[in-house]
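Per our numbering, the very first residue in the sequence shown carries number 2; after that it's consecutive.
Here's the structure, in structure tokens; my notes come after.
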Amino acid sequence: MDKNHPTYDILILGGGAVGCAIARELSRYRLNIAVLEKEADVAAGTSGRNSAVVHAGFNNRPGSLMAKLCVAGNRGFEALCRELDVPYRKTGKLLVAFDREDLAVLQRLVAQGEANGCRGLQLLSQDQLRAKLPQVGGIGAMASPETGIFDPFLYTVALAENAAANGVAFFLNHTVTAITPLPQGFAVTAGGTQFTTRYLINSAGLFSGQIAALAGVEGYHIYPCRGEYFILDQIAGDLLPMPIYPAPKAGLGGLGVHLTPTVHGNILIGPSAEYIDSPEDTASTQPVMDQLFRQAQQLLPPLRRRQIIGSYAGIRPKQAPPGEGGYWDFVIREDRPGLVNLIGIESPGLTASLPIAREVVEIIGQSIDLVPRPGFQGRRQGIRRFRDQSPQEQAALIAANPDYGEVVCRCQKVTRAELRQAVENPLGVKTLAGIKYRAWATTGRCNGGYCLPKIAQMLVEDYGLAPEEVTYRGAGSPLFTGRVK
């Protein structure tokens, strides 16, 4: 392969959960595959900034791709997380009604969910709601037992690492600037390199409309819709064993402000739903955050502001324009020979990521003879978490590797051994954010006040980075600009 003009059978544009799931599924076959991602890591966009919920599929219109693929994704998600060593917990979920109109909406959702193939949906009276979660407000609810929670960043990382282990090349920090159709395939310029490919898969999320236009397919428009979140301390986790949502309102860009426990013990409040101009404006704004907390307290009155330890925002790639809101269906199709466009893959895109990938494989299989790759390995082993082990297991880990005996992040009890595994990841990512989401350091109440300097020092002293090369998310996010002595 010419290093200046690398050639692949398939190029996947976008390193989110869907792009990485497609890469993993295609790595089952004898194909030369690469993923181009504009950021310094996978899951840097929508896939890493969301509610971390595995949806059941009752919110989507019967007969839609969204409904079909969400239900299929939900049914296989627990097994997939076991295979990839990703934290997952089936918690169930409650949708809460506050008036008679909400109760009618919940009845409609039960019927819609049953039409989609959802299992176990049930309406609860106010007394049944109080018996189940006495701390939650409302006059009734709908229970969804098949809903779960997981770690979306680790999920995407696991898909990427497993794809890489099966031969897929990942090119991070490679922004696509040009796409030129060829007699057979495409030439793609990204990161100063020109790639050629037989098949181009556009899984660029918020930028998928722009990528489609570069490839010669006009007419797709993505509207960025920002959702802001609060993060509550782990001490709040005792208040809530499962996600609770309000009954959805017509015309919103999302499902309404909800409360979600995480697999790490925190609670998330959010998201809001606000159409914005920029697909990269992930600011947290005071008026929206104040409204978030008021709405959250309506659902869960015991909440207090002192429990808040952070905030973030994610952006949905919506096809439905402002003023309409709601959801348009996923677009997954070959718009011209050799070009598969995935447009408007918003929630429940994470839940549906594996079935979406299989849809893409089926499309490609109509043009390319897909020969199974001998030795495909579908399992991936993640970082061994010291805090999750028994005292006996912890002692054994320390005996085998003394770095397990040094706790660097006190809030989350993350050891130097775990940090080293995070730094030495298969994708070669050495940003603070990459380490944070792989090892979960800096995510506690002190927000890295204790451990972040130690992690930066480790990158400099043990891995040879200059202080100016230590960044939070890659280019444009340096932590240091020079020395003071």
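For every residue, glycine included, the Cβ atom is placed at its ideal position computed from N, Cα and C.
- Take the alpha-carbon of residue 16 and the one of residue 403: they are about 35 angstroms apart.
- Per DSSP, residue 136 is not a residue of any alpha helix (DSSP H), being assigned neither H nor E.
- The beta-carbon distance between residue 31 and residue 372, rounded to whole angstroms, is 5 angstroms. This is short enough to meet the 8 angstroms contact definition.
- Look at residue 67 here: in three-state DSSP terms it is helix.
- DSSP places residue 225 in the uninterrupted beta strand (DSSP E) bounded by 224-233.
- If you draw a 10 Å sphere on the C-beta of residue 325, you find fewer than 16 other C-beta atoms in it, and that means exposed.
- Judged by pairs of C-beta atoms under 8 angstroms, the segment 323-343 touches the segment 211-226, as three or more such pairs exist.
- It is roughly 5 angstroms from the alpha-carbon of residue 10 to the alpha-carbon of residue 199.
- Taking the Cβ atoms as the reference, residue 223 lies roughly 5 angstroms from residue 318, within the contact range of under 8 angstroms.
- Judged by DSSP in its simplified three-state form, residue 410 adopts strand.
- Listed in chain order, the alpha helix (DSSP H) runs fully inside the segment 451-483 are 453-464, counting runs of at least 4 residues.
- With a threshold of 16 other beta carbon atoms within 10 Å, residue 148 meets it and is buried.
- Separation of the CB atoms of residue 315 and residue 50 is rounded to 3 angstroms, and the pair is thereby assigned contact status at 8 angstroms.
- Counting C-beta atoms within 10 angstroms of its own C-beta, residue 360 has 16 or more neighbours from the protein chains shown and is therefore classed as buried.
- Within the model, the alpha-carbon separation for residue 243 versus residue 94 is close to 6 angstroms.
- Boundaries of the alpha helix (DSSP H) harbouring residue 106: 101-117, taken from the DSSP string.
- When rounded, the separation of the alpha-carbon atoms in residue 234 and residue 297 is 15 angstroms.
- The Cβ atoms of residue 25 and residue 374 do not sit closer than 8 angstroms to each other.
- Between the alpha carbons of residue 264 and residue 151 lies a distance of about 6 angstroms.
- Here residue 482 is exposed: its Cβ has fewer than 16 other Cβ atoms, across all protein chains shown, within 10 Å.
- In this structure the segment 98-116 lies against the segment 55-63, because at least three pairs of beta carbons, one per stretch, are closer than 8 angstroms.
- The alpha carbon of residue 69 has as its nearest neighbour, out of 330, 7, 400, the alpha carbon of 330.
- By the C-beta density criterion, residue 259 is buried, having at least 16 other C-beta atoms within 10 angstroms.
- Within 10 angstroms of the beta-carbon of residue 413 lie 16 or more other beta-carbons, which makes it buried.
- In the three-state DSSP reduction, residue 7 falls in the coil class, being neither helix nor strand.
- Per DSSP, reduced to three states, the secondary structure at residue 203 is strand.
- The residue from 22, 6, 226 with its alpha-carbon nearest to that of residue 351 is 22.
- Under the three-state reduction of DSSP output, residue 39 falls in the coil class, being neither helix nor strand.
- Taking one beta carbon from each stretch, the segment 424-435 and the segment 454-474 have 3 or more pairs nearer than 8 angstroms; the two touch.
- Apart from the 5 residues on each side of it in sequence, residue 405 sits with its Cβ closer than 6 angstroms to the Cβ of 387, 398, 399, 416, 418 in its chain, given in chain order.
- In this structure, DSSP gives residue 187 an extended state, which the three-state scheme calls strand.
- DSSP, reduced to helix, strand and coil, places residue 333 within a strand of the structure shown.
- The continuous stretches of beta strand (DSSP E) do not include residue 238, and DSSP gives it neither H nor E.
- CA-CA distance, residue 424 to residue 126, rounds to 50 angstroms.
- DSSP, reduced to helix, strand and coil, places residue 346 outside both helices and strands of the structure shown, so it counts as coil.
- Between the segment 30-47 and the segment 175-195 there are three or more inter-stretch CB-CB distances shorter than 8 angstroms, so the stretches are counted as touching.
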